[in-house]
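Structure first, commentary second.
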Ligand SMILES: Cc1cc2nc3c(=O)[nH]c(=O)nc-3n(C[C@H](O)[C@H](O)[C@H](O)COP(=O)(O)OP(=O)(O)OC[C@H]3O[C@@H](n4cnc5c(N)ncnc54)[C@H](O)[C@@H]3O)c2cc1C
């Protein structure tokens, strides 16, 4: 892939992460997922090399970069067949929110660990009765002396079992108006009243999704991230990185699939004289997939630049567009890759079929294709809302 818009440092980071990814690869990830285990060695190694916290401030053990760098890390690991889903939540969402809005104590407690991988955090916003409509979330925090008492339910939250804590999006009641304001709370994995049940997903991935119940979970005052008044701003600060990383995840997976298909199409010969890759019905859709992945990466780079420059509004539009474009490109790339391999596209040996389900996730999470189309219809084009 062309990397013309990247600095020498970015190119070096890309090459180094790609080399790490190749040392692990898809066989490693697949074997772990089948055994129900987690990619601990890869996570630890990436942490040791400074890749996990490449976006976090240097004074707290991070690399001092931003989403431009962290998205390179996830894309390259994905392109090597061993993506780390928790990069989307732990350093990107939670790390960014704490680095930008956390208290000094929270930064010291979390950022060095998130950077070197010795700590990790999951992120919980989705609720069973709210779904895409996060204005409807009902997880609520009330004061009890200096403590907070948090109650509610969450669903589809990734990696809660392997995270030291979950950053939970809840609401507090405004003392004056009675209206509910979003607030972010750090909930330790083993806090009394915080229970999790794994959801049986048809996904072959090491990271599991959980339904969470928060039953009067008592939290100390400093579990609240930053400021009660700035909850919405803090939430948005985490959502742009989430979408940029969603795009990186999709681009990495799409690249992995296209590379496998191209390798196969160059050698598989069923008609005299020419491999199947010589047939335009096979070659053109692969070329198309490559172009679409390249284009979505351009938009991801734009979003990352705006985000790293502190333009949250501009980054919002670009991050949504990048996430949309990358997900669509990934779904088409994976579909075409499987098709290119014919029957082998569905064998365990070639390992591409399970990517069909994995690629579909990128259309739904962290924000669905339709919610991005709604955003662009209303925010960018100024069209009226239907809901
Ligand atoms: C593998 C996986 C991992 C996840 N990890 C996390 C996580 O770590 N943390 C977390 O908080 N969440 C997580 N999620 C949840 C994810 O963010 C939600 O699934 C997603 O936001 C959609 O919500 P929903 O599933 O309730 O769908 P719904 O909101 O019920 O939507 C169902 C369908 O209706 C469409 N729809 C809804 N409203 C509209 C509308 N107004 N206009 C047009 N179409 C509409 C949607 O696009 C979708 O196609 C994860 C989900 C998956 C599948």
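Numbering (our numbering), first residue to last: 2 to 388.
The beta carbon of each residue, even a glycine, is placed where N, CA and C say it ideally should be.
Extent of the continuous alpha helix (DSSP H) to which residue i belongs
i	result
residue 111	105-117
residue 135	Note, residue 135: premise wrong, no alpha helix (DSSP H); not H, not E.
residue 341	313-341
residue 41	41-49
residue 354	No alpha helix (DSSP H) holds residue 354; DSSP gives it neither H nor E.
residue 268	232-268
residue 98	97-102
residue 375	370-376
Sheet register partners of residue i (DSSP bridge)
i	result
residue 168	124 and 187
residue 154	214
residue 284	Residue 284 is not bridged to any residue.
residue 182	173
residue 148	145
residue 159	210
First and last residue of the uninterrupted beta strand (DSSP E) at residue i
i	result
residue 197	195-199
residue 66	Run containing residue 66: none; DSSP gives neither H nor E here.
residue 143	141-145
Under the three-state DSSP convention, the category residue i falls into
i	result
residue 216	strand
residue 86	coil
residue 28	helix
residue 173	strand
residue 225	strand
residue 387	coil
residue 275	strand
residue 289	helix
residue 129	coil
residue 301	helix
residue 8	coil
residue 366	coil
residue 310	coil
residue 54	coil
residue 59	helix
residue 81	coil
residue 17	helix
residue 382	coil
residue 203	coil
residue 38	coil
residue 360	helix
residue 192	coil
Residue i: CB within 8 Å of a non-hydrogen atom of ligand 3
i	result
residue 42	Ligands in the displayed structure: ligand 1; ligand 3 is not one of them.
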